[in-house]
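Protein chains in written order, with this note's numbering: chain P, 1 to 343; chain A, 344 to 686; chain G, 687 to 1065; chain R, 1066 to 1355; chain Y, 1356 to 1662.
Here the structure comes first, spelled out in structure tokens, and everything after it is commentary.
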Ligand SMILES: Nc1ncnc2c1ncn2[C@@H]1O[C@H](COP(=O)(O)OP(=O)(O)OP(=O)(O)O)[C@@H](O)[C@H]1O
Ligand SMILES: Nc1ncnc2c1ncn2[C@@H]1O[C@H](COP(=O)(O)OP(=O)(O)OP(=O)(O)O)[C@@H](O)[C@H]1O
Ligand SMILES: [Mg+2]
Ligand SMILES: [Mg+2]
């Protein structure tokens, strides 16, 4: 129900620049995922949008309204705090109902919405407990519930699922998406979970050291990373990044880095056209259930390959690997910026 | 340097039984991962071991010593708290150094160990900050650092990486393993991260509703789950679980459930021997970078399949799927206990 | 205090207020009875009597400052100079003249405490001098027949008491407080006075007084571990004290088992004593001065004071009113008692008390103290 | 493995170490001893109230003869019921107003940003330094001019809020993590609601301490009641003014005074017992992680 | 707003609904509203009397008001008054000793009864008892205890009259007040202790922190806001010592000036001698001295009071 715009927003804490000249446009109803390494400024960006932190420079708009000076309560947003920030003296029910009461929602509606949210988050039996009596994941769900009972113009969610187990996370993820689609509420969602980022976001914004690195759809980011940071940050295990010389002659040229994803590495039996080949030594093999992760040594570099579970990889063995050229990314070695594909 | 033994340990909070008759033997130097859904009693089990919570029933041993009545500080364990529990008035450095000073480690060693831990956890530039000035992930790393600077008989880690980004998590995971291997410190590690559980643990213990469901190596749990709970809990997306009738005649028999993992589902072109076949409608397709997750409808049930990225799956299309019989698990429909494979 | 009902009865009457502190419930009740009598006999005036239990001087000062003082109230002789100087008390001369009030019936030493220049600022409502109180039993046991009458006898009796062994351990023959409100009586007895405080006569009296302590014949109340000399007498830690009329009810109530003898204050070269007295005075800001005068003159007149003496709680300050029996030792001092009070009272009294303690413990000489006091008296 | 080998004493759990138990015992011993020592003044007060006046001259904890005369006298000769009601009215009123205003002001000084906040706060601290003796006359004159002398309103007016209380609440609010307020703000709670529904409940222990102290302070106040309505009008007397009737320059009615003191002490004891239950550790801890 | 005068910030201001307005102004408004009543009370009944006192201190001033201006003569008077100078010496000595004692005792009791012990409510109440019992009774008992033939002398031998000896009277008051005030200090500390998060203690316990070290390195520093409060409030309270010295010395500040305090000086000068000029001057001197001291404390102890 509202667009969100960061316009050259900067936040400084003393010497630290937590967010540096950030500009993002979030469309109405869009689901934007914000990712980036720990300490890159995600929480700070959210907090500025929520009005909990002053903006050092630049401006933030919700809809057409500059909100730099608007009180948090007047911005019509709901936020899930990374630190939960539950009201310790209130029961789970009261925690969930608190904002609705503030917004003078009729009592009957409050009760209905609280119970709905509690159902979705499996908090039903816990409604009468105080936060002290909850487990970590339960607390996090209450924090999440507190946001979703409201029907705000925007959701800000700061790692809302980090303490949930896989099953619950999948389910809750689906519920959040369902809710977001139903209400078509603009959402900014901070996560460090690859799967979450890739599956939930209409677009993903990648930050590093306070600076926005790239913003785009999951596919764009995965297939067309703007720089080495995004390339290695998105995807797990990370893209392999080697000096171009490591792959032998002809690819990329001097002063370039080559990058390819572990799943694009194949065990080469015989020569393959349109592929770069490399000989590497198996160092570690990890079992992932349905696949293997092989860590191989290639001269001074290490290469990670995702290989079928039946691959024959005794430790210390030499193996010939192939990477299709059209899967190889080229980057400028100095700036890290992407300069195209090998083919 | 010590075994850890839970002997019929129970913990009750008023009406809630948080941990129910838990018996586990952790071998000296073993790395045990504790998983389970939110609220299943993982933190409580750790806290009893640490001496922060009284044991309602049963006993806990570290080495041969019954520690039920031993003060936490005398148990020679280090713990990473789910809630971090950093000392708010101390700098990061002081937080890390605090326990070492307690144990009268020489000053020079303290400095070395703190700096080493800070390096590993990328906390170097933050050593002079107070917790309040850190991001969520940074706080978590300090909490982790506080444990790893010590060289205790056992590590207890409660979701120590939940707030870290993928890259940092992979790296820290490796560092924890390295440290654990080097010191061969018995470790109990709570996580909800599949990959972490599968890659780090010598064994995995799965809990639900306070009750231990299964304990075993990752491969055992993945390939041979003891019941439907473990079957669906381990592996993401979860194992598909259907009434045996859904796969047609001949498999399992009445009163059974059949289970198979998404990656064991194949697009069937033509009949395959030793496989169950099913016709399903494509409902949702999720893009995972290198693979697809297809959600398909099979009469009343939903089936998830992990398929190659180039699979042709337009929404609404009918597709014939095949699951090798030797990948199909059978469970008792009532108790959920595993009763063997389909072939 | 009288209720709203009484007030409405006297709706037409002029209401005036009367204040003082309380010296006991019996006394309060007596004064209330007198006020009721007055109200009955003077229908045009209604008196509201109220007690201030606590810090009287402070409470009154606040009321003066707020121009809200009671119309008639107690004034202690020691604060009279200050309050007169501050102009908060009404000179009564014109009322005296107009109503032909006879001032000659008051003991002049007491009246002088409230007379500054030619103006009279209040009439003493009652008073008490000091007397010599002894523990009769101890005296008998030590073989002493009578209480000491002179300084020489005092010293001799003290020695005898000390030597006799009748004093329990830790007790001393005399309790002498480090207080000019006692020592000044000795100064007057030696023909000294505050007007000439650095004279040898004063110094000699001080040396006698302090000397008793230094010789071990006397001790201060602190040394004896009691709150005041009366308690020392009661707890039999001293056999001789010099206190006023107030000691009698105290001993009667708290130490009924101790047999006390009261005789006139000892005498030096001459008779000399201190008169502790309190006046009824009128506020300068009173809005009903005529009525206030009527009350004041009734209370301090013969009729009023006779009623006031009916319970024997105090001594009459008028020569024409009789005290009840057993107060002879006090009454005799009337003619030669000097009102307790002097200029720059509080500052001077602070110096007096502290310096005297210092002189007693040897850290200051008598001459130094007297020079300090002389300086302070000048303001 | 382990449990089979030690099956015989499977359920055996070694008790807490002996040193710990001994330590505990010593601590309890000391505590009880000190508690008894602290009890002496009360015991003394109690025993004195059952003595005759002559007995009070000696420090003796057992009254002999034992008499309830003082209690009868206090109850009959003096209107202590009325004094107690007056004191109760004043103490409850003043305490409630103080709790509200001090926590409101303390919260503002701790958390709300407004120009001049630091200067105003220094002023608040400044008021601590002004002795009553210095401000008595101006305050008294002011109240006289407003006709607030001789009834309770003047007293309530000047006692509405004390700098100590406000200062203490501010200090306490400073220790409550900001996260709760931020959550409340986003939840659309206004400034007052944030204060009232979120911050105030979290300051429970501080409120309890202040309630106890302020109630006691007003209950025991002597100076201002004396000055403001201690003149006569016995129907306005507070407990302390009542007690003052029991001591005179050369004489104190110790048994009555002590009996009265015990009467005066009971309500404070009740308040203390009620409010001390609000001292609950780590109230705020559960709501956040960090 | 930290923005400098760039054009960006100009447009920002215009866009932000007119001016800097909005949330900030509303917050400030509520701030003022919240402190309005307290500040009015303080202004009327504290600040105004103080200002009035400063004014008075330059006059000869009697009960009925102004007599005439005297410039700074009142200040000369008090500074040349040996009694006033002595009172300052006394009060400094007293405060320096009594405040740490009160803090230590109060904190100790608070810690003990905050510990997880059986019968906590009982100990809480009994340790608070001295604060409940009337001060008259306490003072009476103390005088009994410290008499020449009191309990203390009986224990340590000797016959010193602790309140009667100029070298000990002040310290006897220190003992009396430390003992009675500790209960109040305890309550403040007890409240403050509750605000310390329990998981910090759990972390410390697992880290093998001994009781002693837990106290010094965790509890003590986390009580900083409380320390600042207690130091300021009880420090100032000590500097305003009046009641006990008045009772013990019957208002003379004796023995030999050893219990004379500045407030006693103010009291005697104002209400006994009716010299309001010098009394006010003494009050102003005290105020300024304490105020500077508090500013200093705030700059040191109070600086980072867990904001
Ligand atoms: N103090 C308490 N009082 C009552 N119930 C409690 C208390 N602490 C925990 N519980 C309950 O005990 C159960 C186990 O909690 P625990 O914290 O051990 O879960 P957990 O496995 O760590 O979950 P999570 O992954 O969400 O952290 C939960 O249902 C929780 O609500
Ligand atoms: N109050 C503060 N004072 C100083 N630096 C701060 C403060 N708050 C945050 N920072 C720093 O600003 C940077 C950004 O912090 P932020 O909390 O936004 O990170 P984040 O992206 O949310 O990280 P995480 O994923 O670990 O939560 C970090 O380096 C952090 O240390
Ligand atoms: Mg964050
Ligand atoms: Mg947990």
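Backbone N, C-alpha and C fix where the C-beta goes; we use that ideal spot for every residue, glycine too.
Every value quoted in this text rests on a predicted model; they were computed, and no experiment measured them.
Closer than 9 Å at the beta carbon, the chain Y residues around residue i
i                      : result
residue 453 of chain A : Ordered by position in chain Y, no residue passes the 9 Å Cβ test against residue 453 of chain A, which lies about 13 Å from the chain.
Alpha carbon of residue i to alpha carbon of residue j, nearest angstrom
i                       : j                       : result
residue 532 of chain A  : residue 363 of chain A  : 19 Å
residue 1018 of chain G : residue 924 of chain G  : 25 Å
residue 365 of chain A  : residue 388 of chain A  : 9 Å
residue 766 of chain G  : residue 1214 of chain R : 26 Å
residue 869 of chain G  : residue 1036 of chain G : 14 Å
residue 1391 of chain Y : residue 1259 of chain R : 18 Å
residue 1340 of chain R : residue 422 of chain A  : 36 Å
residue 957 of chain G  : residue 1023 of chain G : 9 Å
residue 1334 of chain R : residue 1538 of chain Y : 13 Å
residue 37 of chain P   : residue 163 of chain P  : 18 Å
Partner residues on chain A for residue i, Cβ-Cβ distance less than 7 Å
i                       : result
residue 1568 of chain Y : 445
Listed by chain order, chain G residues near residue i by CB distance under 7 Å
i                       : result
residue 1309 of chain R : 739 and 740
Sequence-distant residues of its chain with Cβ nearer than 6 Å to residue i (five each side left out)
i                      : result
residue 541 of chain A : 561
residue 762 of chain G : 964
residue 264 of chain P : 323 and 327
residue 18 of chain P  : 11, 41, 44 and 210
Which residues DSSP lists as bridging residue i, in chain order
i                       : result
residue 861 of chain G  : G/905
residue 403 of chain A  : A/349
residue 603 of chain A  : A/583
residue 1319 of chain R : Looking at the DSSP assignment, residue 1319 of chain R forms no beta bridge with any residue, so it has no partner.
residue 1038 of chain G : Answer is none; residue 1038 of chain G lacks a bridge partner.
Residues of its chain near residue i, where Cβ-Cβ distance is below 7 Å and the 5 sequence neighbours each way are ignored
i                       : result
residue 1182 of chain R : 1174
residue 1057 of chain G : 884
residue 280 of chain P  : 296, 297, 298, 303, 319 and 321
residue 1340 of chain Y : Residue 1340 of chain Y lies beyond the residue range present for chain Y, which begins at 1356 and ends at 1662; the question has no answer from this structure.
residue 456 of chain A  : 443 and 492
Proximal chain Y residues relative to residue i, where beta-carbon distance stays under 8 Å
i                      : result
residue 71 of chain P  : 1377, 1378, 1381 and 1382
residue 747 of chain G : 1418, 1625, 1626 and 1629
Neighbourhood of residue i by C-beta, 8 Å cutoff - its chain only, sequence neighbours within 5 removed
i                      : result
residue 222 of chain P : 198, 234 and 235
Residue i: contacting residues in chain R (beta-carbon distance under 7 Å)
i                      : result
residue 402 of chain A : 1078
residue 79 of chain P  : 1251
Where residue i meets chain Y, residues with beta-carbon distance less than 7 Å
i                      : result
residue 768 of chain G : 1628 and 1629
- Task: For ligand 3, list every residue whose C-beta falls under 6 Å from any of its heavy atoms, going in chain order.
- Result: Spelled out in chain order, the answer is P/42, P/43, P/82, P/158, A/478 and A/479.
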